[in-house]
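To start, the structure itself, in structure tokens.
The following block contains the structure:
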């Protein structure tokens, strides 16, 4: 899974800005997108147990992350017109930093460069909605912080009402991001069509969330395969789209170098936030309470 780089527009109104009306209009008129503003982070206190797991003297950690302008990628992350980052991922990392008693030295990368950057030491921590997979566990450690998944959103002209298996997509046009777990699943699963004598689905790869939404609204594709959290949020804001169902679930985490003590410190910080009730308030703020984890883990078993 990944947190996609989005169209760099200052504000996308609920269902009308940038993504516009059907027919590809980009008329920026429309009502403002309501972004939660309550402060759920500033009161977070240092957790001495988590802080003690960091290397002695640590006061700053370099964090590699992806930038998400606009609001298309909420609730994970986005930016308000003033350029300030907002979102669940933002609140989570800031709460973790406060619990650890550190500040983040944030460096913006891309989805494809963050894990290599963690491996080579450029970043001590990476965050980009990285789902736990077997291949990633070979090269980085995970400290989990939320439950997301893979889901489908359909366009109005797709003829799809639900997707429970990849065979439901046979003969359809699908869009997703490149270099993601979504791509891996689709490439591996296309044989479900061909082995049953059905036409294969085709896949288009776009890394611009705005372009993905326009392609859905204009019926240029039948379905979008993306992160459950963002897609549930999207269908409430974008006319002409339908949530078709979740294909699978994936636990998401911060990534660190293999055997880094920072992973255990972060996991301890998350578990302290959970125990103190502060963690759940973050999810309640963004109206995604069921995506909260009961406990953070280090390197849980991956589903694929």
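Numbering (mature numbering (1 follows the signal peptide of the UniProt record, and there is no 0)), first residue to last: -20 to -1, 1 to 284. All C-beta atoms, glycine included, are put in the ideal place defined by N, C-alpha and C. Computed from a prediction, not measured in an experiment: that's the story for all the values here.
- A distance below 8 Å separates the beta carbons of residue 282 and residue 114.
- Counting along the chain, residue 270 sits inside no beta strand (DSSP E), nor does DSSP assign it H or E at all.
- Judged by beta-carbon spacing, residue 203 lies within the 8 Å limit of residue 132, meaning their Cβ atoms are closer than that value.
- For residue 33, there is no enclosing beta strand (DSSP E), since its DSSP letter is neither H nor E.
- In the three-state scheme derived from DSSP, where H, G and I count as helix and E and B as strand, residue 60 is classed as coil.
- Close CB contacts of residue 250 within its chain, under the 6 Å cut and outside five residues either way in sequence, are with 125 and 276 (chain order).
- If you check the CB distance, residue 108 and residue 122 do not come in under 8 Å.
- Bridge pairing for residue 185: 156 [DSSP].
- In terms of CA proximity to residue 162, 227 leads the group 63, 65, 227 and 120.
- Within the DSSP bridge table, the entry for residue 40 names 83 as partners.
- Straight through space, the alpha carbons of residue 69 and residue 60 are spaced by roughly 15 Å.
- Excluding its 5 nearest sequence neighbours in each direction, residue 269 has C-beta neighbours in its own chain below 6 Å: 263, listed in chain order.
- With a contact defined as Cβ atoms closer than 8 Å, residue 225 and residue 144 qualify at about 6 Å.
- Under the 10 Å beta carbon count, residue 284 is surrounded by fewer than 16 other beta carbons and is classified as exposed.
- With fewer than 16 other Cβ atoms from the protein chains shown falling within 10 Å of its own Cβ, residue 176 counts as exposed.
- Here DSSP, grouped into helix, strand and coil, assigns residue 109 to coil.
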